[in-house]
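Asker:
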Amino acid sequence: MQTMSLNQTPDNAPVFQLKGSMLAITVLELARNDLESLDRQLAAKVAQAPNFFSNTPLVLALDKLPADEGAIDLPGLMRVCRHHGLRTLAIRASRIEDIAAAIAIDLPVLPPSGARERPLEPEPEVKAPEPAPAPPPAATEPEVRPTRIITSTVRGGQQIYAQGGDLVVTGSVSPGAELLADGNIHVYGAMRGRALAGIKGNTKARIFCLQMTAEMVSIAGQYKVCEDLRRDPLWGSGVQVSLSGDVLNITRL
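This is how it looks when you write it as structure tokens:
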């Protein structure tokens, strides 16, 4: 007995079905035999709605051409349509020469339609607005560093620098020690060494200390040394030092 292979099917097994469908087919109804004008006018339509004319199935309706219009170059007409994204599926014709031209290139021929067809106007495509230009990068802010805090006595020969910020010393500063800061300097003990604030040109920097007995104080390059400071009535007091123009001012805290 013969057995059937898995790849074989009985002769009566259906391999296709015919079904009806309501497909949307665009109809291009030609009013006159002028391929150059057709090419120009189709280009204008495509510019308005490019997506509409992308691989659009088409029926060429030649049944409204006047009888005396002359034989149409059907392959040339199809090339113009294809150039603009329209794919010809069939023609609709009543003139013998048009039907014969379609049969010669194996193109289906539909009978003239008596149905009323509404004109189809592709909606112009609205271009998306151009993105707003990116804002220019913000000016780079100078780096701000946290306050440097020293909790021990600063001994002679030591140099302490607070880069980009303030310097706070909670103890005393011995003679021969040096404090430097890009910002302010705060000393909560006896200030006997040198204090240089705003060393990169910050004229708004200040020096604060509870007991001014310094060897030198300076703000943004303007300075007073011990001999000048000793003559100040606030020598040995709690003071703040600020800069006005090129003059250092010493005032009581």
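Number 252 in the UniProt record's numbering belongs to position 252 of the sequence shown; there are no gaps in the numbering. Positions of the beta carbon are idealized from the N, C-alpha and C atoms, including for glycine. Small disclaimer: the values here were computed from a predicted structure and weren't measured.
1) Starting from H83, follow the alpha helix (DSSP H) in both directions and report where the run begins and ends.
2) Taking all protein chains shown into account, decide if H186 is buried (16 or more other Cβ within 10 angstroms of its Cβ) or exposed.
3) Please go through the same chain and pick out, in chain order, the residues whose beta-carbon is closer than 8 Å to the beta-carbon of G76, but skip the five residues on each side of it.
4) What residues match up with E227 in a beta bridge as DSSP calls it?
5) Can you tell which of V27, D166, N12 and T213 has the C-alpha that lies nearest to the C-alpha of P175?
6) Less than 8 Å between the CB atoms is what I'm expecting for I207 and I219, so what's the real figure, rounded?
7) Taking the beta strand (DSSP E) that I207 belongs to, which residues open and close that run?
8) From the DSSP output, in three-state form, read off L89 for me.
9) Taking only three categories from DSSP, how would you classify V187?
10) Roughly how many whole angstroms lie between the Cα atoms of V247 and Q211?
11) Helix, strand or coil, according to DSSP, for V46 in the structure here?
12) Around the C-beta of G245, are 16 or more other C-beta atoms found within 10 angstroms, so that it is buried, or is it exposed?
13) In terms of DSSP beta bridges, what is V27 paired with?
14) Rounded to whole angstroms, what's the CA-CA distance from V169 to E227? Just pull it up for me.
15) Terminal residues of the continuous beta strand (DSSP E) containing A13?
16) Apply the 10 Å Cβ neighbour rule to E141 and answer buried if 16 or more other Cβ atoms are within range, or exposed otherwise.
17) Can you grab the Cα-Cα spacing for the pair residue 264 / N51, in whole Å?
18) With a 10 Å radius around its C-beta and 16 neighbouring C-beta atoms as the bar for buried, classify A44 as buried or exposed.
19) Look at G165 and T147 and say whether their C-beta atoms are less than 7 Å apart.
20) Have a look at G238 and L180 and give me their C-alpha separation to the nearest angstrom.
21) Comparing alpha-carbon positions, which option in A49, D63 and R40 lies nearest V27?
22) Do you know whose CA, among D73, S242, I91 and A31, lies nearest A195's CA?
23) I need the straight-line Cα distance from R192 to A205, nearest angstrom please.
Answerer: In terms of the structure at hand:
1) L74 to H83
2) Burial state of H186 is buried, judged by a 10 Å Cβ sphere holding 16 or more other Cβ atoms.
3) L35, listed in sequence order.
4) The partner list for E227 (beta bridge, DSSP) is empty, contrary to what the question assumes.
5) T213
6) 7 Å between Cβ atoms; contact.
7) Here the beta strand (DSSP E) through I207 covers I207 to M212.
8) strand
9) strand
10) 21 Å
11) helix
12) exposed
13) V59
14) V169 and E227: Cα-Cα distance of roughly 24 Å.
15) Segment: none, A13 is in no beta strand (DSSP E) and carries neither H nor E.
16) Low local confidence applies: a pLDDT of 45 at E141 is under 50, so the model's placement there is unreliable, and no value is given.
17) Lying before the first or after the last residue shown, residue 264 is absent from the chain, which here runs from 1 to 253.
18) exposed
19) yes
20) 19 Å
21) D63
22) Measuring from the Cα of A195, the nearest candidate turns out to be S242.
23) 20 Å
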